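Read the structure below first, then the notes.
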Amino acid sequence: MTKARAALAAASVLLLTACGGGQTPSTSPGTSSSAGATTVKVSVIPIIDVAPIYLGDQQGFFAEEGLKLELVSAQGGAAIVPAVVSGQVEFGFSNFTSLIIAKSKGLPLKVVAPGAASTGIQGKDFGGVVVKADSPLKTAADLAGKRVAVNTLNNINDTTVRASIRAAGGDAKNVTFTELAFPDMLAALDKGNVDAVQVVEPFLATAKKNGDRVIASNYVDTAPDLTIAGYFTSQQTATAKPDLVKRFTSAMQKSLKYATDNPDAVRKVLLTYTKIDPALTGSLTLPTYPAEINSASLATLSKLALQDGLIQTAPDLSGLLP
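According to mature numbering (1 follows the signal peptide of the UniProt record, and there is no 0), the residues represented by the sequence shown are -20 to -1, 1 to 302, in order.
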């Protein structure tokens, strides 16, 4: 089997096992629109992490680079990786554990811009592990033997929850993870279908409004200044269309800076692509939108992926990063 066929086969396996479909592009990525701009399909998750790309589109940063964005929603990075590799979309947003797993399988990916990072502050991060108000669970150590919902299995959220459990002195191996889309998690928690959920904004603010309690800041527990996600493309696109990648990256960097400088705009744009009570936008905890990727934190994610059995061999991350 050739290297290209092997990569495509691996991508097909990931696509079949991922649960975040719904990506049905109507036109080929990278085609020119009637206005002369190049249409670029980007697969994202409807969470606060991707607010910068929506803001950048509103502010005209992509139009300035001759790009017309078409944003396609998915459940998680595990579904977005194969969509990018197969050419359904040209760029995607994914957590770095998904990208590390893909890299370990030989998939040809290239990160082009950072996406979101932890605030690094315990109890004041944009993601965390939540339980009901009357739950007997008090710390991450109490999650041993319990059912915890994450948006995709064998990924950054379950492996960082395990990191929280270890940090609290609990048994990280004795946890049952259930895959649920972020919008479905709080209802499952309320019904008692799971004991805890790992959520990010805007669902974290909704949980707090409901009276639920945060018992762990899993991203903070994992590594200092953890870079959680980034925007990426396939190596084929990076090689064949370097100018397109350069323009997308430039627009994305402007978007990240704008989001950092305009937190109120981040809160406002969230109303355009998520179902959130407008009254809650002021209580949202925003992630940081870094200009650079913290490579040391990615090394920690790679080590955790290996420890938790998500990968068999730690990949060389130098070829993945910009």
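Virtual Cβ for every residue (Gly too), placed ideally from N, Cα, C. If you're wondering where the values come from, they're calculated on a predicted model, not measured in any experiment.
Leaving aside the five residues that flank L251 on each side, the residues in its chain whose CB is nearer than 8 Å to its CB run, in chain order, P258 and T261.
Assignment of beta strand (DSSP E) within the segment 220 to 284, counting only whole runs of 3 or more residues, yields no such run. Secondary structure at N75: strand, using DSSP grouped into helix, strand and coil.
Distances from the alpha-carbon of I291 to those of Q68, N134, A31 and G72 put N134 closest.
Exclusion of the five residues before and after Y238 leaves P32, L35, G36, Q39, F41 and A245 as the residues of its chain whose Cβ lies within less than 8 Å of its Cβ. P302 has its alpha-carbon roughly 24 Å from the corresponding atom of V200. Shortest Cα-Cα distance from D241 to any of K171, D170 and L266 involves L266. As a beta-bridge residue in DSSP terms, E50 pairs with K21. Comparing alpha carbon positions, the residue from F157, G16 and K171 closest to A129 is F157. Using a Cβ-Cβ distance cut-off of 8 Å, the segment 55 to 69 and the segment 87 to 97 are in contact, since at least three pairs of beta carbons, one from each stretch, lie closer than that value. Annotation for L35: the continuous alpha helix (DSSP H) segment containing it runs A31 to Q39. Straight-line spacing of the CA atoms in V174 and K188 works out to 17 Å. A167 is positioned such that its CB atom lies no closer than 8 Å to that of F76.
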